[in-house]
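J.:
Following this line, the structure appears as structure tokens:
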């Protein structure tokens, strides 16, 4: 549990840093939150496959990285607040675009991360078979 909490603290710090690297004025499309959530979604797709299929004995790695670091790095609540702020600012089209784009970009990023990681695991297995390892 302690290692998951520590990873969560690191994820929160990473999110805070990324949120300040990409600054967006209030009432504008929240690229910073979209970027954080999409990169986190991609990473969780990769991590879940690699830890599950390539490093199955590293039991603490999955919750440490997925729940701890990436759970704190990604931010559903900020996504909702950003969408709400856009709607309340009468930026209805921007708010709707943001809500839909975030959802589909996040799902696409997870899918791409899983596909990429499975390809890497498959390549690793084939190389090991060829080399006799």
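Residue numbers (the working numbering): 605 to 737. Glycine is no exception: its CB is placed at the ideal position from the N, C-alpha and C atoms. Please read these numbers as outputs of a predicted model, since none were measured by experiment.
Helix, strand or coil for residue 657? Go by DSSP, reduced to three states.
T.: In the structure shown, residue 657 sits in a helix (DSSP, three-state: H, G or I).
J.: Are there 16 or more other CB atoms within 10 angstroms of the CB of residue 708, so buried, or fewer, so exposed?
T.: Classification for residue 708: exposed.
J.: What three-state label does DSSP hand residue 695 in the structure shown?
T.: The answer is coil: DSSP assigns residue 695 none of H, G, I, E or B.
J.: Could you pull the start and end residues of the alpha helix (DSSP H) that residue 663 belongs to?
T.: Neither: residue 663 is in no alpha helix (DSSP H) and is coded neither H nor E.
J.: Assign residue 688 to one of two classes, buried (16 or more other C-beta atoms within 10 Å of its C-beta) or exposed (fewer than that).
T.: So residue 688 ends up on the exposed side.
J.: For residue 627, count neighbouring C-beta atoms within 10 Å of its own C-beta (all shown protein chains included) and say buried if the count is 16 or more, exposed if not.
T.: Residue 627 should be labelled exposed.
J.: Here's a check: name, in chain order, each residue in its chain whose Cβ is nearer than 7 Å to the Cβ of residue 699, leaving out the five neighbours to either side.
T.: 687, 690, 691, listed in sequence order.
J.: DSSP on residue 715, reduced to helix/strand/coil?
T.: Note: residue 715 maps to helix in three-state DSSP.
J.: Report back the beta-carbon spacing between residue 657 and residue 725 to the nearest angstrom; my notes put them in contact at under 8 Å.
T.: Indeed, because the Cβ distance is near 5 Å, the residues count as touching under 8 Å.
J.: Please list, in chain order, all residues of the same chain as residue 664 whose beta carbon is under 7 Å from its beta carbon, the five residues on each side excluded.
T.: Here the set comprises 607.
J.: If you draw a straight line from the C-alpha of residue 667 to the C-alpha of residue 618, how long is it?
T.: Approximately 17 Å between the Cα atoms of the pair.
J.: Report yes if the CB atom of residue 622 is closer than 7 Å to the CB atom of residue 648, and no otherwise.
T.: Not closer than 7 Å, so no.
J.: For residue 645, count the other beta carbons within 10 Å of its own beta carbon; 16 or more makes it buried, fewer makes it exposed. Which is it?
T.: By the 10 Å Cβ count, residue 645 comes out buried.
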